[in-house]
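Protein chains in written order, with the numbering used here: chain X, 1 to 80; chain W, 81 to 655. See below for the structure under consideration.
And the structure:
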């Protein structure tokens with residue numbers, strides 16, 4: 001990431017925090033940076049859930065359904 | 081205003097009839113002019129305009145122009161026009177006609193006033209959209225199109241059953257809202273039929289299964305009509321139904337989770353249709369005037385930015401020949417323009433300020449918050465995070481940036497595709513900057529203001545920190561070839577067994593019955609001609625004629641002749 005890109009991200013984040021200070025809202029929304037934490041934690045949480053689902057068996061080879069039709073002949077594990 | 085009370089759908093359906101009569105070179109222009117004429121008609125029609133036709137003992141409201149219907153009709157006609165521009169290079173009358181038929185069906189749904197006309201337009205949409213999937217003409221699109229068709233026939237069947245029950249119970253075909261939680265079987269049948277078209281989880285798999293297999297131009301139309309027409313019907317018939325809030329919220333998170341795992345760029349976008357439609361369904365479930373305005377506004381915005389995203393993804397597919405994320409990468413130097421247009425769509429769907437998603441999605445999130453639906457509010461915010469993660473960051477990063485995985489062909493993009501992307505981008509930004517242009521069209525008065533410091537803070541913080549979280553772990557997110565099993569596994573996995581029992585087994589039984597019937601008929605025929613020979617051959621295996629074995633025996637006639645001769649001789653001698 002280039003320096004100007006980092007500066008732009010920093011500026012946007014600062015504007016976000018400032019906006020919350022001006023108009024704090026109610027409950028957890030009033031905590032400065034609460035949306036930032038929600039965004040980062042939510043992102044990691046969703047990635048973990050998706051990866052977890054993939055690991056428990058929903059990820060398969062692209063031709064999974066075609067192979068399923070003649071699995072008895074081909075055999076083998078078709079997990080991706 | 082006398083004289084213009086014509087259903088806008090008729091303009092497009094008239095075009096379907098006209099299209100084959102036009103010279104090939106004029107058809108693409110007709111596919112733009114006809115939606116433009118339909119749009120002009122929609123804008124000219126006054127709210128309350130009506131046209132009724134007698135159909136047997138019933139009076140059908142083929143045109144009943146409401147404020148809510150007007151919002152949907154405007155965007156349906158507008159996107160048909162933009163899709164027509166995107167398809168200007170197309171020289172296939174089948175696809176062009178199917179797109180007009182499909183768009184006309186959606187316009188018909190938005191402008192009709194009775195359940196029977198609704199059902200008719202619903203089925204017309206199914207016919208047009210299925211053609212756009214099959215038009216890819218490969219094995220995968222044929223199979224996916226068939227699954228799509230089966231889902232929609234099921235939905236149409238349920239809708240028809242509900243309509244007939246409703247007619248029997250009330251004697252009316254009017255499009256009138258059912259009270260929330262009504263126990264009438266008609267209401268539930270209609271609801272189930274409609275939510276299939278809204279891609280409600282777990283009946284959603286037709287969407288991510290078929291849209292990625294449609295043609296490049298067909299997917300743009302597909303992304304716009306079916307699900308949003310269903311949202312319109314839900315808003316008319318089922319406002320305030322709590323089950324819609326629950327299921328809509330589930331859809332938002334379910335869609336983003338599966339989108340994160342998808343490898344095909346159009347499949348990622350398809351799962352995000354499920355998620356975004358979830359917002360609209362949740363808005364209908366909340367049922368307040370603000371939430372219904374939010375659903376209508378979000379459908380309007382969504383159609384624009386989702387079409388733009390499918391246009392961008394289609395342009396990548398058109399230029400490189402693949403939409404698989406594990407094969408793409410490093411396209412930025414060659415497809416900068418497409419990247420810019422795509423990012424307008426991506427920032428819009430992510431709810432970034434100054435883009436149209438921000439002014440519509442936030443209405444529903446705010447309505448959930450104001451309505452005291454705290455958990456739904458949290459999930460809707462979380463789905464926003466997931467949307468930006470997949471569509472706003474992961475997809476563009478691994479398509480335009482990251483390392484080039486293989487040398488892909490570079491085909492030039494038609495000018496119509498670029499023009500359509502530019503126009504749609506302008507509209508996404510225009511509505512984002514001037515929200516009142518959309519708000520004034522909404523069915524209820526709007527006091528909501530999107531550009532408050534708190535809304536801006538929420539959007540900026542969520543977007544920036546979602547990006548940073550992705551950037552932190554991006555090395556672990558390299559796309560791989562593969563699919564994710566979805567709820568359609570429940571019927572696709574046992575399909576071979578069901579086929580063996582229901583198709584192969586039945587076929588074998590019919591074959592056996594066939595053979596038995598023919599053998600019986602032959603035996604009866606043989607018995608009639610030569611009873612002894614037929615009886616002797618009973619139980620013997622069938623074989624070719626053998627002159628030694630099959631020659632008629634001479635011993636019996638000779639013996640009989642001798643016996644008769646001897647008997648006659650004795651009789652003569654005894655005289």
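Where a beta carbon is used, it is the ideal one built from N, C-alpha and C, also for glycine.
Check, Outcome
"N-terminal and C-terminal residue of the beta strand (DSSP E) that residue 142/W is part of", "138-144"
"Proximity to residue 303/W [Cα-Cα], best of 126/W, 440/W, 350/W", "350/W"
"Local conformation of residue 481/W per DSSP, three classes", "coil"
"beta-carbon residue 611/W near the ligand MG non-hydrogen atom, thresh 6 Å", "Annotation note on the ligand MG: not contained in the displayed structure, which lists no ligands."
"Residues of the segment 549-563 of chain W whose Cβ lies closer than 9 Å to any Cβ of chain X, in chain order", "549, 550, 551, 552, 553, 556, 557, 560, 561, 562, 563"
"Amino acids of chain W, ordered along the chain, whose beta-carbon sits closer than 7 Å to that of residue 58/X", "564, 565"
"Among 374/W, 348/W, 340/W, 331/W, the one whose alpha carbon lies nearest that of residue 315/W", "374/W"
"Identity of the residue in 591/W, 537/W, 102/W, 112/W nearest residue 15/X by Cα", "537/W"
"Cutoff 7 Å: residue 62/X Cβ touching any chain W Cβ", "yes"
"Short CB-CB distance (under 7 Å) between residue 402/W and chain X", "no"
"Residue 30/X, buried or exposed, once every other Cβ within 10 Å from all chains shown has been counted against 16", "exposed"
"Chain-ordered chain W contacts of residue 15/X [CB-CB under 7 Å]", "540"
"Residue 254/W in three-state terms, based on DSSP", "strand"
"Neighbour flag for residue 337/W against chain X, beta carbons, 7 Å", "yes"
"Contact set between the segment 458-474 of chain W and chain X, restricted to residues whose Cβ is under 7 Å from the partner", "461, 462, 465, 466, 469"
"Amino acids of chain X, ordered along the chain, whose beta-carbon sits closer than 8 Å to that of residue 91/W", "Simply none; closest approach about 41 Å."
"Sequence ranges, alpha helix (DSSP H) only - wholly within the segment 369-400 of chain W, length at least 4", "369-400"
"Per-residue DSSP class, three states only, for residue 86/W", "coil"
"N-terminal and C-terminal residue of the beta strand (DSSP E) that residue 196/W is part of", "Unbroken run through residue 196/W is the alpha helix (DSSP H), 195-214; no beta strand (DSSP E)."
"DSSP bridge partner residues for residue 131/W (one or two, in chain order)", "143/W"
"Residues that residue 6/X bridges to, as DSSP identifies them", "Paired residue(s): none; residue 6/X is not in a bridge."
"Rounded straight-line distance, which links the Cα of residue 599/W to that of residue 301/W", "56 Å"
"Simplified DSSP state of residue 572/W, which is helix, strand or coil", "helix"
"DSSP-derived helix/strand/coil call for residue 490/W", "coil"
"Where residue 5/X meets chain W, residues with beta-carbon distance less than 9 Å", "Those within 9 Å of residue 5/X in chain W number zero; the least Cβ separation is about 10 Å."
"Extent of the continuous alpha helix (DSSP H) to which residue 100/W belongs", "Looking at the DSSP string, residue 100/W is not in any alpha helix (DSSP H), and its letter there is neither H nor E."
"The segment 36-56 of chain X / the segment 325-343 of chain W touching (three or more Cβ pairs under 8 Å)", "yes"
"Cβ-Cβ separation, residue 195/W to residue 255/W (assumed contact under 8 Å), whole Å", "6 Å"
"DSSP bridge partner residues for residue 344/W (one or two, in chain order)", "404/W"
"Nonlocal neighbours in the same chain, by C-beta distance under 6 Å from residue 433/W, ignoring five residues either side", "536, 539"
"Environment of residue 481/W [buried if 16+ CB atoms lie within 10 Å]", "exposed"
"Beta carbon of residue 60/X nearer than 7 Å to that of residue 565/W", "yes"
"Three-state secondary structure (DSSP) of residue 29/X", "helix"
"Within chain X, partners of residue 534/W - CB distance below 9 Å", "19, 20, 22, 23, 24, 25, 29"
"Euclidean distance between Cα positions of residue 229/W and residue 283/W", "13 Å"
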